[in-house]
Amino acid sequence: MRVVAVAVPVPQLEALTYRVPDHLPMPAVGARVRVPLGPRALTGCVVGHPAGAVSTSGADLKDVTAIVDAEALLPASVVGLCQWVADYYMAGAGDAIAAGLPPGSAGRASAFKTRRVAVVTVHGLSVLGSPTSDLTRKQRAGLEELAATSGLDAREAAARGVSRAVLSRLAALHLVAWREDHVERDPFGRSVLVETAPDRSRTLTVEQGRAVETLASRVAAGQFSVTLLHGVTGSGKTEVYLRIAELVRQAGRQVLVMVPEIALTPSVAALFRGAFGDRVAIQHSALSAGERHDQWHRIQRGDVDVVVGTRSAVFSPLTRLGLVIVDEEHDASYKQDEAPRYHGRDVAIVRARGDNAVVILGSATPSMESYHNAVTGKYGLVTLSRRVLDRPLASVRIVNMREEYAEEGPDVVVSRALADALDLRLVRQEQAVVLLNRRGYATSVLCRQCGDTFDCPNCSISLTVHRARQGWRARCHYCNHSVLVPKACRKCAAPYLEHVGFGTERVEEYLRTRFPTARIGRVDRDAVRRKGALTSLLSRFAAGELDILVGTQMIAKGHDFPRVTLVGVISADVGLGMADFRAAERTFQLLTQVAGRAGRGEELGEAIVQTLYPEHYSVELACRQDYVAFYEREEVFRRGLRYPPMVALINAVVRGRSLEDAMHVADLLAERVLKSPAARTFTVLGPAPAPLTKLRGEHRAQLFLKGPHRGDMRAALRAALAEMPEVRRRVVVDVDPLSVL
Ligand code: ADP
Ligand code: ZN
Numbered sequence: 006m007r008v009v010a011v012a013v014p015v016p017q018l019e020a021l022t023y024r025v026p027d028h029l030p031m032p033a034v035g036a037r038v039r040v041p042l043g044p045r046a047l048t049g050c051v052v053g054h055p056a057g058a059v060s061t062s063g064a065d066l067k068d069v070t071a072i073v074d075a076e077a078l079l080p081a082s083v084v085g086l087c088q089w090v091a092d093y094y095m096a097g098a099g100d101a102i103a104a105g106l107p108p109g110s111a112g113r114a115s116a117f118k119t120r121r122v123a124v125v126t127v128h129g130l131s132v133l134g135s136p137t138s139d140l141t142r143k144q145r146a147g148l149e150e151l152a153a154t155s156g157l158d159a160r161e162a163a164a165r166g167v168s169r170a171v172l173s174r175l176a177a178l179h180l181v182a183w184r185e186d187h188v189e190r191d192p193f194g195r196s197v198l199v200e201t202a203p204d205r206s207r208t209l210t211v212e213q214g215r216a217v218e219t220l221a222s223r224v225a226a227g228q229f230s231v232t233l234l235h236g237v238t239g240s241g242k243t244e245v246y247l248r249i250a251e252l253v254r255q256a257g258r259q260v261l262v263m264v265p266e267i268a269l270t271p272s273v274a275a276l277f278r279g280a281f282g283d284r285v286a287i288q289h290s291a292l293s294a295g296e297r298h299d300q301w302h303r304i305q306r307g308d309v310d311v312v313v314g315t316r317s318a319v320f321s322p323l324t325r326l327g328l329v330i331v332d333e334e335h336d337a338s339y340k341q342d343e344a345p346r347y348h349g350r351d352v353a354i355v356r357a358r359g360d361n362a363v364v365i366l367g368s369a370t371p372s373m374e375s376y377h378n379a380v381t382g383k384y385g386l387v388t389l390s391r392r393v394l395d396r397p398l399a400s401v402r403i404v405n406m407r408e409e410y411a412e413e414g415p416d417v418v419v420s421r422a423l424a425d426a427l428d429l430r431l432v433r434q435e436q437a438v439v440l441l442n443r444r445g446y447a448t449s450v451l452c453r454q455c456g457d458t459f460d461c462p463n464c465s466i467s468l469t470v471h472r473a474r475q476g477w478r479a480r481c482h483y484c485n486h487s488v489l490v491p492k493a494c495r496k497c498a499a500p501y502l503e504h505v506g507f508g509t510e511r512v513e514e515y516l517r518t519r520f521p522t523a524r525i526g527r528v529d530r531d532a533v534r535r536k537g538a539l540t541s542l543l544s545r546f547a548a549g550e551l552d553i554l555v556g557t558q559m560i561a562k563g564h565d566f567p568r569v570t571l572v573g574v575i576s577a578d579v580g581l582g583m584a585d586f587r588a589a590e591r592t593f594q595l596l597t598q599v600a601g602r603a604g605r606g607e608e609l610g611e612a613i614v615q616t617l618y619p620e621h622y623s624v625e626l627a628c629r630q631d632y633v634a635f636y637e638r639e640e641v642f643r644r645g646l647r648y649p650p651m652v653a654l655i656n657a658v659v660r661g662r663s664l665e666d667a668m669h670v671a672d673l674l675a676e677r678v679l680k681s682p683a684a685r686t687f688t689v690l691g692p693a694p695a696p697l698t699k700l701r702g703e704h705r706a707q708l709f710l711k712g713p714h715r716g717d718m719r720a721a722l723r724a725a726l727a728e729m730p731e732v733r734r735r736v737v738v739d740v741d742p743l744s745v746l
């Protein structure tokens, strides 16, 4: 009897075994098949041919009903990578495969917008190929129409003259299968990639030259290796990437370039497009599903040498991969915050190991994990300590806001020093960037009479105030619940509602009042919601049509604006109050990156950093731009409290109707986990209420497993969860969590 292991698009489910009936050919690993699951029919992906796994009659096995792909859609190496992801991150086989499939080829959870698409089955194709068949003329025409596409929904089919009745009939004959397509949401709109021609005449700096030499020898060795390229902002890392990529291409192998978010790092993508032209494919969420699909198939056909993309590009169907570049490797957007909760950088390293490829991790502020691996010799380390053309790093001035408040009152948003510096830039017609990593107008609303605050009814968080057309609107940044802020308090009717705290909208308002002639733009998630808004703001700034750009961390990322000579940081300590052991690391990274935006052109750059904690090491060392000192200081802290990268963490969040309910289940889970013989090598912290105790109406308790061996922790957690199948769906497991809220 022939059987296949199939990953089906159902959360948290392992691969299932199905029988392949005699009238069907054996589907390849990596091909999609139609299978029944309970009352449903699903499209899954073959992940293995378990030999001898089924001993007897296999009478209880269900049959594969149709084969969607005559040949493998995913290369075996990508199927293997997905299985590694499912295992390592404790996700379902189907969750992991969905990450590897081209957009719109696997059904996803119904929370996503989906559309039903008709695709021709293998059986349908063979019928099309035979001159004689029982099809009517209309049915045959419909089948041909579909076969020419990668799938059509009913409306698209109707537009091509294929009626619903014909589609239904073809489906009933198994010539066509219905597939649920996942419609991508598009948070940033389309990024317009301005192609930049490479400057071939450019001579490398001494440090760049050495970096290229070292990396070239790694490439020549033709073996898996990982090198951390630690280069200060403006040191010319991209030039190094391009040279090494060219070498790899000449050797006939392919290059994967990963960036945190393409819309936010346009320069890298544009440079690769400029250098490699048509042989570059782009993979990211701002492309329409159709465009992504086309790009994906170009990669699958082997028509490209270079793929530039966000984390999901790590699953690109490349078959001759020789080099993986992970730019801004420290960036938190590499971690996916839904199942499978994978880290793009870490999966990239596993992929490169499997493909015998060279990895370059680039950053001005490497993650603690990567630098630790470099220090301990697991990775190579190449440093670019100077900016190109001997441009100095921006000089950084700290403004102690406690003193400022004492002298100027508690309502100060922009200090005198920063205001003066902005004034000077406007006079000199230079540009400035102002960062506040908190969006909205005010952080909360408070009744001065009774102390009532506006909290989200679904989440344990206060609502953020935004300026809206109808007045003030208070909105939850987690669940999007929103209310108009009334004139009087809901509780005591007193008309003394006060805005507390401030965000980017308030900073923008202040700057417009203070500098009425200045041209000011704002970049945060609210301001760039509309398609294309981000690209348009950034290109206007680059063209000199804006003087000041205010924004959240979005403006701190990789952009190269040569006319920016001033960077102001409104509150350097926004993240420091968080109950998160990575708070200092994040603060250091953000401040260093944003300070690196100043003085990338001819003019000297300056950064002014406002803070309540000028003595905090993350603030102080970022201002000195001393990464190594920060690493060493932070390492002592992590070692002392036994946090990553010294040990590994697994986080399990239990959701419940009430906190008692969630805590009760979490207690049971912790008890079971501790019963495992493997529990000798790790500790269990908690359970405790999660910092965001209530989120989208659900109460949350969490526990952490902490220890040197992820395998032991995973095994114990897996065994415990297997004993409590009724709660499995209420538990969210995050291996190597980046955010622990
Ligand atoms: P990083 O990514 O390290 O912050 P970039 O790669 O963006 O730095 O380089 C900073 C700037 O220096 C870019 O405008 C780039 O074109 C330029 N550059 C890079 N290498 C050289 C070089 N060898 N000579 C002159 N300019 C260079
Ligand atoms: Zn909420």
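Numbering of the sequence shown is given in the working numbering, commencing with residue 6 and proceeding in unit increments. Glycine included, each C-beta is placed from N, C-alpha and C at the ideal position.
Candidates the options: closest to residue i by CA position
i: residue 498; options: 540, 168, 455; result: 455
i: residue 549; options: 566, 334, 540; result: 566
i: residue 106; options: 280, 223, 323; result: 323
i: residue 210; options: 394, 262, 417, 630; result: 394
i: residue 717; options: 92, 43, 547; result: 92
i: residue 506; options: 493, 462, 458, 277; result: 458
i: residue 2; options: 683, 697, 268, 285; result: Residue 2 lies beyond the residue range present for the chain, which begins at 6 and ends at 746; the question has no answer from this structure.
i: residue 103; options: 133, 17, 125; result: 17
i: residue 493; options: 535, 487, 503, 484; result: 503
i: residue 281; options: 268, 255, 431, 517; result: 255
i: residue 309; options: 297, 283, 332, 330; result: 283
i: residue 586; options: 620, 628, 619, 640; result: 640
i: residue 224; options: 253, 638, 68, 594; result: 253
The beta strand (DSSP E) enclosing residue i, as first and last residue numbers
i: residue 87; result: Unbroken run through residue 87 is the alpha helix (DSSP H), 81–93; no beta strand (DSSP E).
i: residue 507; result: Note, residue 507: premise wrong, no beta strand (DSSP E); not H, not E.
i: residue 457; result: Taken as a continuous stretch (DSSP letters only), residue 457 belongs to no beta strand (DSSP E), as it is neither H nor E.
i: residue 50; result: 45–53
i: residue 642; result: It is not in any beta strand (DSSP E) - residue 642 instead sits in the alpha helix (DSSP H) that spans 632–646.
i: residue 311; result: 311–314
Residue i to residue j span [Cα, whole Å]
i: residue 438; j: residue 555; result: 6 angstroms
i: residue 672; j: residue 428; result: 58 angstroms
i: residue 735; j: residue 662; result: 10 angstroms
i: residue 263; j: residue 346; result: 17 angstroms
i: residue 5; j: residue 463; result: This structure leaves residue 5 out entirely; the chain is present only between 6 and 746.
i: residue 9; j: residue 70; result: 12 angstroms
i: residue 608; j: residue 568; result: 8 angstroms
i: residue 378; j: residue 7; result: 45 angstroms
i: residue 477; j: residue 471; result: 6 angstroms
i: residue 294; j: residue 288; result: 10 angstroms
i: residue 480; j: residue 701; result: 13 angstroms
i: residue 13; j: residue 36; result: 12 angstroms
i: residue 191; j: residue 546; result: Note that residue 191 scores 30 on pLDDT, short of 50, meaning its location in the model is unreliable; the coordinates nonetheless yield the value given after this. If I take the Cα positions, the gap works out to 23 angstroms.
CB contact flag (residue i, residue j, <9 angstroms)
i: residue 571; j: residue 538; result: no
i: residue 693; j: residue 708; result: yes
i: residue 167; j: residue 389; result: no
i: residue 369; j: residue 240; result: yes
i: residue 1; j: residue 654; result: It is not possible to answer for residue 1, since the shown part of the chain is limited to 6 through 746.
i: residue 599; j: residue 561; result: yes
i: residue 386; j: residue 364; result: no
i: residue 38; j: residue 32; result: yes
i: residue 441; j: residue 526; result: no
i: residue 551; j: residue 384; result: no
N-terminal and C-terminal residue of the alpha helix (DSSP H) that residue i is part of
i: residue 597; result: 588–600
i: residue 732; result: 730–733
i: residue 263; result: Where residue 263 is concerned, there is no enclosing alpha helix (DSSP H), although the beta strand (DSSP E) it sits in stretches over 259–263.
i: residue 249; result: 242–255
i: residue 628; result: 622–628
Contact belief for residue i with residue j at Cβ below 8 angstroms, rounded distance in angstroms
i: residue 704; j: residue 666; result: 7 angstroms
i: residue 404; j: residue 614; result: 7 angstroms
i: residue 156; j: residue 396; result: That belief does not hold up - the Cβ atoms of residue 156 and residue 396 are roughly 52 angstroms apart, past 8 angstroms.
i: residue 98; j: residue 19; result: 5 angstroms
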